Amino acid sequence: MKAVEYISQKIKDVPDVAVILGSGLSKLADEVEEAVKIPYKEIPEFLNSTAPGHAGELIYGYVNDKKVLLMNGRFHTYEGYKPADVAYPIRVMKKLGIKRLIVTNAAGGIRTSFKPGELVFIKDIINFSFRNPLRGPNDETEGPRFPDMSQSFSKDWLEEANKSVKEKFGEPLESGTYISVLGPSYETPAEIRMFRKLGADMIGMSTIHEVIVANHIGMKVLGISCVTNMAAGVLDQPLSEEEVLEAGRRVSKHFVALVKHIIEKTC
Ligand code: HPA
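Using our numbering, the first residue of the sequence shown is number -16, and each one after it goes up by one.
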């Protein structure tokens, strides 16, 4: 993998954890010490990030003495990319020696008790994209043909992270099931009512392909959604991208403090 060779030349050590920053959640990037920034467009075999609020760079450095690799901006299938390409950076991370992945995203709140700006752990995921990044020949050196997804998000890591959140911030986070759709149109109120019946608590257009590949190659995953808006039909108002980015910005201080704390205590 040319991307692995290229990135290895730029970073000094194996990161303790990789973090994918979702829409409007890029402020953690400013907190990285001794930051080495690698724009995606410099990296051989890497895609370019076109979604609003996604910078398109890898950042290596230190967060509270832990070595991190941030993906500041991710890829989505609604941009026209193939699921396997969207998740390709996860394979690169594993080849760099990284064993743990924190995925974050902006999400619509399906559970009506959620409030815009609330951070929620992802405890499970529904693949409603009807696509899979593992479709096609399987490379047995990477992982099994039929990977287990019964702990697609590590239960132990979530418990440990939430315990440390409670100690530091007084309250644990809620956790919920994230349903992943293709987008890019937002959902209709009827779809959201259906998804609620199916057991979904949050909804978004990312994450699933990265999580499937991480499980394929044996990486541990922790997920955090930022509920940026109530899902369609919950409130009598239209959804907008600006609302999503604005809520991300509003919560960014708390988000940064929370993720830094989780990295410090559990990675
Ligand atoms: N639906 C889908 N994706 C989203 C939403 C939503 O309501 N909010 C942020 N990402």
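C-beta: ideal position from N, C-alpha, C; glycine also.
Since the structure is predicted, the reported quantities are computational estimates derived from the model, not experimental observations.
- Cβ atoms of residue 192 and residue 130 stay farther apart than 8 Å, at about 13 Å.
- Closest in C-alpha terms to residue 153, from the list 159, 63 and 145, comes 145.
- The stretch 207 to 216 makes no contact with the stretch 65 to 80; the number of CB pairs closer than 8 Å stays below 3.
- In this structure, residue 73 and residue 196 form a Cβ contact; the two beta carbons are roughly 5 Å apart against a cut-off of 8 Å.
- Cα atoms of residue 133 and residue 61: separation of roughly 26 Å, rounded to the nearest angstrom.
- Separation of residue -2 and residue 54 (C-alpha to C-alpha, rounded to the nearest whole angstrom) is 12 Å.
- Residue environment analysis places residue 219 among the exposed positions, since fewer than 16 neighbouring C-beta atoms fall within 10 angstroms of its C-beta.
- Bridge partners of residue 50 according to DSSP: 45.
- Around the beta carbon of residue 95, fewer than 16 other beta carbons sit within 10 angstroms, so the residue counts as exposed.
- Your pair residue 141 and residue 102 does not check out as a contact, with CB atoms roughly 13 Å apart and the cut at 8 Å.
- Between the stretch 107 to 123 and the stretch 14 to 34 there are fewer than three C-beta pairs closer than 8 Å, too few to call the two in contact.
- An exposed status is given to residue 173, since fewer than 16 other beta-carbon atoms sit within 10 Å of its beta-carbon.
- Between the C-alpha atoms of residue 188 and residue 10 there is a straight-line separation of about 21 Å.
- In the three-state DSSP reduction, residue 248 falls in the helix class (H, G or I).
- Relative to residue 123, the option among 201, 216 and 1 whose CA is nearest is 201.
- Apart from sequence neighbours up to five positions away, the residues of its chain that approach residue 48 with a beta-carbon distance below 8 Å are 247, ordered along the chain.
- In this structure, residue 227 has its beta carbon less than 6 Å from a heavy atom of ligand 1.
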